[in-house]
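Okay, structure first, notes after.
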Amino acid sequence: DLVIKSSTPTDSTTHHHHKIVLVTGAAGFVGTHVSLALKRRGDGVVGLDNFNKYYQTSLKRDRQKLLENAGIFIVEGDINDMSLLVKLFETVKFTHVMHLAAQAGVRYAMKNPSSYINSNIAGFTNVLEVCKSLNPQPAIVWASSSSVYGLNTKRPFSEKDRTDQPASLYAATKKAGEEIAHSYNHIYGLSITGLRFFTVYGPWGRPDMAYFFFTNKILKGKKITVYEGVKQKSVARDFTYIDDIVKGCLAALDTAGKSTGSEGKKKGLEAPLRIFNLGNTSPVTVGELVRILERLLNKKANKEVKEMPENGDVMITHADISLAERELGYKPTTDLETGLKKFVEWYLAYYDVEGKKFDTGS
Ligand code: NAD
Numbered sequence: 003d004l005v006i007k008s009s010t011p012t013d014s015t016t017h018h019h020h021k022i023v024l025v026t027g028a029a030g031f032v033g034t035h036v037s038l039a040l041k042r043r044g045d046g047v048v049g050l051d052n053f054n055k056y057y058q059t060s061l062k063r064d065r066q067k068l069l070e071n072a073g074i075f076i077v078e079g080d081i082n083d084m085s086l087l088v089k090l091f092e093t094v095k096f097t098h099v100m101h102l103a104a105q106a107g108v109r110y111a112m113k114n115p116s117s118y119i120n121s122n123i124a125g126f127t128n129v130l131e132v133c134k135s136l137n138p139q140p141a142i143v144w145a146s147s148s149s150v151y152g153l154n155t156k157r158p159f160s161e162k163d164r165t166d167q168p169a170s171l172y173a174a175t176k177k178a179g180e181e182i183a184h185s186y187n188h189i190y191g192l193s194i195t196g197l198r199f200f201t202v203y204g205p206w207g208r209p210d211m212a213y214f215f216f217t218n219k220i221l222k223g224k225k226i227t228v229y230e231g232v233k234q235k236s237v238a239r240d241f242t243y244i245d246d247i248v249k250g251c252l253a254a255l256d257t258a259g260k261s262t263g264s265e266g267k268k269k270g271l272e273a274p275l276r277i278f279n280l281g282n283t284s285p286v287t288v289g290e291l292v293r294i295l296e297r298l299l300n301k302k303a304n305k306e307v308k309e310m311p312e313n314g315d316v317m318i319t320h321a322d323i324s325l326a327e328r329e330l331g332y333k334p335t336t337d338l339e340t341g342l343k344k345f346v347e348w349y350l351a352y353y354d355v356e357g358k359k360f361d362t363g364s
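Residue numbers for the sequence shown follow this note's numbering, beginning at 3 and rising by one.
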């Protein structure tokens, strides 16, 4: 049976919002940081995560310990478990949902397409379905992705630009999420905000992402494959530091308008549907990423330069963040070198040179 502790907001005089937030994907990279930040400022937080095995579950378990030590209650379960969701929303009167649970990663879709459909389309729809039936309905903020811009070559990417050319199944499911969100906003008057994150990195990050496994391989002296300089083309990413993303997420929650419900809609009230880019506005090539890591690790990488295979990754991402700046007061402040320094410090404290986890004694 579901017993939720620590779900009431703690008292804080500096903060007056007192939200009660369900964070899905709470044991994930972004979910951990967002949950801690919400808790720190005095909001009530309950986390939900299915601890799937897409990458090391030990890392997710250690993030869970971090969250539980901060007084955040974590429910182990799946967004595809409708009865669990219903029970959860019956037990706690959530004012907001920060929906971050998803099957992330672009290449894994070739091996496991159904996990993308299940979590990113069906699971997301379940969350909306439960929220639409509540009275009052919570406001929803969820993670879309920069990948929705797909093969679009007009840069920087602005929210108005076309998103009808996904380059991967991951991108297609994130785009589908945006369409589904539109329909739930339109019919049920749910307040929904989509955040298109651009390559988020930092401490407690994801081992499947290049900056993370490059660090591991450089330390071990293993070969890394860099998609750079072939046919004058380099892969570049608009790397965005986790603390900047967290600020954007909190601002999105704080500015989310009220859900109106279908009844409110009939009276002519408009529930907001918003989409924002959360990026850093300065793409860095993978070659430069490696050079920064070499400097920070004080070790040369064993590089193999190759042409990027057609596996769903786009060449360059670059966010236009003027809309988020205007509406959310979003302003990223961490450049890649500064952010990677913090990542490397965390990495070296958490893993040994072989990439094995230090015994944390817990
Ligand atoms: P993550 O994989 O670390 O976190 C996602 C978490 O959700 C994981 O802990 C996983 O166990 C959980 N989860 C997955 N499917 C679930 C399900 N069906 N039910 C319950 N829990 C489930 O990824 P992240 O980097 O923290 O990403 C968070 C969100 O941001 C995701 O929606 C992702 O697609 C999106 N995003 C991330 C980035 C990035 O660079 N990190 C970029 C764009 C978008």
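Beta carbons are placed, not taken as given, at the ideal position from N, Cα and C, and that holds for glycine.
Here the structure is a predicted model, which is why all the values come from computation and not from measurement.
C-alpha distance - residue i paired with residue j, whole-angstrom precision
| i | j | result |
| --- | --- | --- |
| LYS62 | GLN139 | 30 Å |
| LEU299 | THR217 | 8 Å |
| GLU296 | VAL346 | 11 Å |
| LYS344 | ALA351 | 11 Å |
| VAL286 | GLY263 | 43 Å |
| LYS162 | GLY281 | 15 Å |
| VAL36 | ASP64 | 16 Å |
| VAL108 | GLU327 | 28 Å |
| GLY320 | TYR118 | Correcting the residue type first, residue 320 is His in the shown sequence and not Gly. The alpha-carbon atoms of HIS320 and TYR118 are separated by roughly 24 Å. |
| LYS89 | PRO158 | 43 Å |
| ARG208 | ALA253 | 24 Å |
Reference residue i; option with closest CA among the options
| i | options | result |
| --- | --- | --- |
| ASN304 | VAL36, LYS219 and ARG157 | LYS219 |
| PRO274 | GLY259, LYS267, VAL286 and GLY281 | GLY259 |
| VAL48 | PHE31, GLY27 and ASN313 | GLY27 |
| HIS184 | LYS359, SER148, LEU24 and THR127 | THR127 |
| TYR203 | THR242, MET317 and LYS359 | THR242 |
| SER146 | ASN120, ARG198 and ILE323 | ARG198 |
| ILE318 | SER148, LYS224 and ASN279 | SER148 |
| LYS225 | VAL32, LYS308 and ASP322 | LYS308 |
| LEU342 | GLU356, LEU291, GLU181 and LEU325 | LEU291 |
| LYS301 | TYR332, LYS235, SER135 and LEU221 | LEU221 |
| VAL237 | ILE244, VAL228 and LYS333 | VAL228 |
| SER261 | LYS67, ALA103, MET112 and SER135 | SER135 |
| PHE215 | GLY196, GLN58, GLU230 and ILE81 | GLN58 |
For residue i, the residue or residues it bridges with in DSSP
| i | result |
| --- | --- |
| LYS225 | ASN304 |
| GLU150 | According to the sequence as given, residue 150 is Val; it is not Glu. VAL150 is not bridged to any residue. |
| ILE277 | GLY196 |
| ILE142 | VAL99 and ILE194 |
With 16 other Cβ atoms within 10 Å as the buried cut-off, status of residue i
| i | result |
| --- | --- |
| LEU50 | buried |
| ASP13 | In this predicted model, ASP13 has a pLDDT of only 44, less than 50, meaning its place in the structure is not dependable; the value taken from the coordinates is given anyway. It is exposed - the Cβ of ASP13 has fewer than 16 other Cβ atoms within 10 Å. |
| GLU272 | exposed |
| GLY73 | exposed |
| ILE189 | exposed |
| LYS21 | buried |
| LEU153 | exposed |
| LYS177 | buried |
| LYS7 | Any reading at LYS7 needs caution, since the residue's pLDDT is 48, under 50, leaving its predicted position unreliable; the model's value is listed next. Burial call: exposed. |
| ASP45 | buried |
**Report entry** Sequence ranges, alpha helix (DSSP H) only - wholly within the stretch 280-360, length at least 4
**Finding:** 288-299, 324-330 and 338-352
Fill in: Contiguous beta strand (DSSP E) assignments of at least 3 residues, all confined to the stretch 71-126
75-78 and 98-101
In chain order, what are the residue ranges of uninterrupted alpha helix (DSSP H) at least 4 long that sit wholly in the stretch 12-53? 31-42
Please give the ranges of any beta strand (DSSP E) in the stretch 170-242, keeping only runs that are unbroken, at least 3 residues long and fully inside the region. 194-199 and 225-229
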